[in-house]
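Numbering (our numbering), first residue to last: 68 to 168.
Notes follow once the structure below has been shown.
Encoded structure:
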């Protein structure tokens, strides 16, 4: 199991991303719009920089839903390779068979 504090920090980041997603998207569109005056675009960029850093989607780390492990993560299953192997060997993942030769 991963440290509980690391998992909780990541959950906090996910909540912040959801909370500020619309505002961040609007400010990004404003800052990128070449038809607007430079002052307005710069003001949007400053407002974007004033938002919490953890509200950026890139700061969210993909973690295993079972163990919280941050590495060896399979997006399709939302689990780490180790959790997939453990649950697959006891037959809890439908359609997954452990190969042996």
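Beta carbons: idealized from backbone N, C-alpha and C, even for Gly.
Here the structure is a predicted model, which means the values were calculated and not measured.
Taking C-beta separations shorter than 6 angstroms and ignoring five residues to either side along the sequence, the partners of residue 111 in its chain run 94, 97, 98, following chain order. Rounded to whole angstroms, the Cβ separation of residue 129 and residue 83 is 16 angstroms, and the two are not in contact under 8 angstroms.
For residue 151, the enclosing alpha helix (DSSP H) covers residues 148-156. If you look at residue 106, you'll find it in the alpha helix (DSSP H) that goes 105-117. Put simply, the backbone Cα of residue 147 is about 45 angstroms away from that of residue 107.
C-alpha of residue 139 to C-alpha of residue 87: approximately 29 angstroms in a straight line. Looking from the CA of residue 89, the closest CA among 124, 77, 102 belongs to 124. Comparing alpha carbon positions, the residue from 159, 81, 69, 160 closest to residue 119 is 81.
Straight across, the Cα-Cα distance linking residue 126 with residue 134 is about 20 angstroms.
Here the alpha carbons of residue 75 and residue 113 stand approximately 29 angstroms from one another. Counting every other CB atom within 10 Å of its CB across the protein chains shown gives residue 157 a total below 16, marking it as exposed.
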